[in-house]
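Working notes, structure below.
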Amino acid sequence: MNKNRSIVHMDLDTFFVSCERLLDSRLIGKPVLIGGTSSRGVVASCSYEARKFGIHSAMPMRLAKSLCPEAVILRGNAGIYSNFSKNVTDVIKDSVPLYEKSSIDEFYIDLTGMDKFFGCHKLASELRQRIMKETGLPISFGLSINKTVSKIATGEAKPNNEIKILSGTEKPFLAPLSVRKIPMVGEVTYKSLCDLGVKRIKTVQDMPMDLMHKVLGKNGLSIWKKANGIDLSPVVQYQERKSISTERTFNKDTTDVLKLKGIIIAMTENLAYQLRRGNKLTACITFKIRYSDFQTYTQQQRIPYSSMDHSIIPVVLDLYKKIYNRRLLVRLIGVKFSHLVEGGYQINLFEDNEKQLHLTQAIDNMRQRYGDRAVISAAGMGAKSISRWNPFNGEPPPLLPNRRQ
């Protein structure tokens, strides 16, 4: 493991709440909840004052209200939060050579080698102060030799503070902490570890790597490495992506409306999943159709920021119905999402349908584990070659074989 790396993890503290407080100072010091405002909604973000009542992100809003009746409840505004996030990104972009934006409010920065000129901790501290001064937003950071330890250190630094973990002290730093602090350890994995009697990272450190692998598979191996402060993953240079799209040119021009509808649903479903996988949302949907005489038509519609199938698919189908009126053979159809912003999962919590959120999460988890088409709408099963490309991981799209639908 490279002991000479200097990786910073920066996280904007209670980001949505902090943005709202910049817009309305009356919210300062009050318990604030942001998310779906109906009884079926969930909490997307909450202030530290609200956390004292036991409230946390992804909690049902009705339960949060009962725990803290005096809380101020806000629906949230994805566009405003995106603009604040962009302001922070601009400061970071102007200050460091290599950074990765992992979500709307989180950044990894690689300062390896900068200690020869500035001192990495000093540089990170000055950057943090500059962000707070120029944006008014509180931010915390952790500095260590890798992404995992730095992210955990940031959690320990909060609220509005900083921690440096000296090279060689990663294991002692991690040892007393709960295994829940390890990135990617969720409820199910935590329960499995508790069933083994594992609650502290120290216990994982003392376990043989082979045992963790045997009990939890590849996930167990990853947890063991992180518990021991081992993480070789690089900081991936951030590049803003403005839109994603997909098109289908048919081998044989068609007027089969059921086939067209099925493929449109499959294309839209896949693009929406790519948005969620990349922590993105769209605010503009475009549908495109080309007839056999090569006449091409497009129509677009603005929507509230979303990456949820049940919000987007009806819009695409409505655009298709509006634009498909010539009754000619269709040569090509396409769907495009634009006006993309970060913050997919968090901002989807603004939805008022808790059941739909949980269903989408469960389906996405199955796709992540078994492949993009492990779970698909019955209407879209005829589309056999929808791209499995992730447009947000920096890799070029694959060359697809001839499409047969």
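Per my numbering, the sequence shown starts with residue 186, numbered consecutively.
Heads up, the beta-carbon is just placed ideally off N, CA and C, and yes, glycines get one too.
A quick note: this is a predicted structure, and the numbers were derived from the prediction, not measured.
{"Check": "Proximity below 8 Å, CB of Ile258 to CB of Thr222", "Outcome": "yes"}
{"Check": "C-beta contact flag for Phe201 and Ala235 at 8 Å", "Outcome": "no"}
{"Check": "Minimum C-alpha distance to Asp295 - residue among Ala263, Tyr458, Asn331 and Val227", "Outcome": "Asn331"}
{"Check": "Collapsed DSSP secondary structure at Tyr375 in the structure displayed", "Outcome": "helix"}
{"Check": "Selection from Asn346, Glu341, Leu514 and Ile348 that minimises the alpha carbon distance to Leu362", "Outcome": "Glu341"}
{"Check": "CA-to-CA distance, Ile219 to Ser310, given in whole angstroms", "Outcome": "29 Å"}
{"Check": "Length-filtered (3 minimum) beta strand (DSSP E) runs lying within the stretch 274 to 351", "Outcome": "284 to 288, 291 to 295, 324 to 329 and 347 to 349"}
{"Check": "Cβ-Cβ distance between Glu347 and Phe326 below 8 Å", "Outcome": "yes"}
{"Check": "Beta carbon of Leu534 nearer than 8 Å to that of Glu432", "Outcome": "no"}
{"Check": "Nearest neighbour of Lys215, chosen from Ala256, Phe522 and Arg225 [CA to CA]", "Outcome": "Ala256"}
{"Check": "Alpha carbon of Leu417 to alpha carbon of Lys188, nearest angstrom", "Outcome": "11 Å"}
{"Check": "Close beta carbons around Val515, own chain, < 8 Å, minus the five adjacent residues each side", "Outcome": "Phe435, Asp438, Thr439, Thr440, Leu445, Ile474, Arg475, Tyr476, Ser477 and Tyr509"}
{"Check": "Assigned exposure category for Gln459 - 16 Cβ within 10 Å defines buried", "Outcome": "buried"}
{"Check": "Boundaries of the beta strand (DSSP E) in which Lys188 is found, first to last residue", "Outcome": "From DSSP, Lys188 is part of no beta strand (DSSP E); its letter is neither H nor E."}
{"Check": "Nearest neighbour of Asp275, chosen from Val526, Val420 and Thr320 [CA to CA]", "Outcome": "Thr320"}
{"Check": "Identity of the residue in Arg206, Glu205 and Phe292 nearest Ile192 by Cα", "Outcome": "Phe292"}
{"Check": "Counterpart residues of Met195 in DSSP-defined beta bridges", "Outcome": "Phe292 and Phe326"}
{"Check": "Beta-carbon spacing of Lys286, Asp198 below 8 Å", "Outcome": "no"}
{"Check": "Residue of Val400, Val500 and Ile548 minimising C-alpha distance to Pro489", "Outcome": "Val500"}
{"Check": "Member of Ser335, Thr374 and Val373 whose CA lies at the smallest distance from the CA of Leu359", "Outcome": "Ser335"}
{"Check": "Distance between beta carbons of Thr339 and Pro368, contact taken as under 8 Å", "Outcome": "Their Cβ separation, rounded to whole angstroms, is 11 Å, which puts Pro368 and Thr339 out of contact at 8 Å."}
{"Check": "Local Cβ density within 10 Å of Phe472, reported as buried at 16 or more and exposed below that", "Outcome": "buried"}
{"Check": "Backbone CA spacing between His194 and Ser562 [nearest angstrom]", "Outcome": "38 Å"}
{"Check": "Endpoints, beta strand (DSSP E) assigned at Asp441", "Outcome": "Per DSSP, Asp441 belongs to no beta strand (DSSP E) and is neither H nor E."}
{"Check": "Run of the alpha helix (DSSP H) containing Ile386, from where it starts to where it stops", "Outcome": "Ile386 to Asp391"}
{"Check": "Range covered by the alpha helix (DSSP H) that runs through Phe623", "Outcome": "Residue coverage of the chain in this structure runs from 186 to 590, which leaves residue 623 outside it and unanswerable."}
{"Check": "CA-to-CA distance, Lys349 to His524, given in whole angstroms", "Outcome": "37 Å"}
{"Check": "Status (buried if at least 16 other CB within 10 Å, exposed otherwise) for Thr545", "Outcome": "buried"}
{"Check": "Integer Cβ distance of Gln486 from Leu283, believed to fall under 8 Å", "Outcome": "Their Cβ separation, rounded to whole angstroms, is 38 Å, which puts Gln486 and Leu283 out of contact at 8 Å."}
{"Check": "Exposure label - Gly414; buried when at least 16 CB within 10 Å", "Outcome": "buried"}
{"Check": "Assigned secondary structure, Leu466 (DSSP; H/G/I helix, E/B strand, else coil)", "Outcome": "strand"}
{"Check": "Test item: CB-CB of Phe269 and Leu322 under 8 Å", "Outcome": "yes"}
{"Check": "Collapsed DSSP secondary structure at Arg516 in the structure displayed", "Outcome": "strand"}
{"Check": "Nearest-angstrom Cα separation, counted from Arg315 out to Asn272", "Outcome": "12 Å"}
{"Check": "For Leu456 and Ile450, the rounded distance between their alpha carbons", "Outcome": "10 Å"}
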